[in-house]
Amino acid sequence: METFIGKGIGKYFEDEIFSAKNELKISTPAVALDFCRKIINMAENGVKIKVITSNSGAADSEPANELAQSFIKEGKKNLDYKIVSMKECALIHAKIFVIDGTCAIVGSANFSENSFRNFAEYMLIFRKSENIKQINNDFEKLWNSFNYSEIETPGIKKDFRNKIKNIRRKI
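The number in my numbering is simply the position in the sequence shown, starting from 1, with 264 added.
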């Protein structure tokens with residue numbers, strides 16, 4: 265097992281995540297739009313991807329969730345993207361990455377630029393098959409515990425958020 269702690273730790277495992285050849289599993293409360301684009305590209309190139317996330321993550325997550333859902337609605341293959349409603353679970357907070365069944369990464373970092381580059385985070389990388397198998401099984405338990413959810417009224421939510429921002433600016 266390897267451990268990494270501190271700011272900018274994404275450099276230690278980002279390449280590992282994005283070099284998956286067959287399968288990538290991700291559990292995170294927040295998905296950055298740039299990272300979502302990368303995993304969609306991976307899916308288009310044949311990598312099977314499963315993401316479980318919340319509709320209550322960072323503001324950057326909303327466009328990523330919308331992009332992933334539109335990709336799936338277009339009938340594209342290899343991306344299974346489960347957005348869990350806040351009504352079912354306040355937040356999917358587990359951060360798990362399983363890469364090709366050969367590496368598992370767990371820790372505090374979200375799947376976002378801020379977590380990978382700017383925040384002090386703690387991550388553990390597992391390469392022993394028994395650890396990877398356990399983490400993969402835990403991911404599947406989490407996956408099977410929740411239902412799929414559509415993004416809840418994104419247009420209305422965005423409009424409401426913008427109105428609140430405008431009111432705050434005037435105060």
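We treat Cβ as the ideally placed atom computed from N, Cα and C, and that holds for glycine.
Would the beta-carbon of residue i fall within 8 Å of that of residue j?
| i | j | result |
| --- | --- | --- |
| Lys-346 | Tyr-276 | no |
| Lys-312 | Glu-287 | yes |
| Phe-375 | Ile-290 | yes |
| Leu-355 | Ser-318 | yes |
| Phe-410 | Glu-352 | yes |
| Ile-363 | Glu-308 | no |
| Val-217 | Ile-316 | Because residue 217 is not part of the residues shown, which for the chain are 265 to 435, the question remains open. |
| Lys-314 | Trp-407 | yes |
Should residue i be labelled buried (16 or more other beta-carbon atoms within 10 Å of its own) or exposed?
| i | result |
| --- | --- |
| Met-265 | exposed |
| Ala-284 | buried |
| Gly-274 | buried |
| Met-350 | exposed |
| Lys-359 | buried |
| Glu-385 | buried |
| Asp-324 | buried |
| Ile-304 | buried |
| Ile-269 | exposed |
| Thr-292 | buried |
| Ser-334 | exposed |
Have a look at the DSSP bridge pairing and note the partners of residue i.
| i | result |
| --- | --- |
| Val-348 | Ser-318 |
| Met-474 | This structure does not reach residue 474, given that the chain is present from 265 up to 435, and the question cannot be answered. |
| Lys-392 | According to DSSP, which records beta bridges pairwise, Lys-392 is partnered with nothing at all. |
| Glu-287 | Lys-312 |
| Leu-343 | Ile-313 |
- Message: Does the structure place the segment 368–383 close enough to the segment 329–339 that three or more beta carbon pairs sit under 8 Å?
- Response: Because the criterion of three Cβ pairs below 8 Å is not met, the segment 329–339 and the segment 368–383 do not touch.
- Task: Spell out a yes or no on whether the segment 384–399 and the segment 358–368 are touching, meaning 3 or more CB-CB pairs, one atom from each, closer than 8 Å.
- Result: Touching, yes.
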